[in-house]
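Step one of this worksheet: look at the structure below.
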Amino acid sequence: MKWGIIQDDTCLFCNEHETLQHLFFNCKVVAEVWSKLLMYLHEYHQAKGWEEEARWLVGKGTCKSFKRKLRRLCMTTAIYHIWAARNKRHFEAVEQNCNSIVSRCVADIRACVGS
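Take the sequence shown: its position 39, counted from the start at 1, is 39 in the UniProt record's numbering, and no numbers get skipped.
Written as structure tokens, this is what we have:
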């Protein structure tokens, strides 16, 4: 390790080969995070990947709908907390399971919408 850069390409959640696609969508731990967050939003959709999710977010609902904004908020908080959990595992040896990541996402979503 040099300058805080991780040189090992092993996923810290499941020990498979880590790519951005894997880390944020294909990892079994992360897939469970997405599943629980989408159920929280009452969305029955399976997160698949960057391009698919971008099309899904853009294509759903009217431009100013609350539900659409909530979907975007969910995606950004999930990406942030998945990345943060990965880095905590590597740099601080602190493990966060799926439920911990989901709880942090839900807390941030609630804080943003004021409920």
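All C-beta atoms, glycine included, are put in the ideal place defined by N, C-alpha and C. Model, not experiment: these values are computed from the prediction.
query, result
"Three-pair Cβ contact test at 8 Å for the segment 81-94 versus the segment 6-14", "yes"
"Beta bridge counterpart(s) of T10 as assigned by DSSP", "H17"
"Three or more C-beta pairs below 8 Å linking the segment 30-44 and the segment 96-103", "yes"
"Exposure of A78, with buried meaning 16 or more beta-carbon neighbours within 10 Å", "buried"
"Rounded C-alpha distance that separates residue 118 from D8", "No answer is possible for residue 118: the residues shown for the chain start at 1 and end at 115."
"Reduced DSSP secondary structure (H/G/I, E/B, other) of G59", "helix"
"CA-to-CA distance, R89 to V58, given in whole angstroms", "33 Å"
"Beta-carbon proximity of C98 to E32, cut-off 7 Å", "yes"
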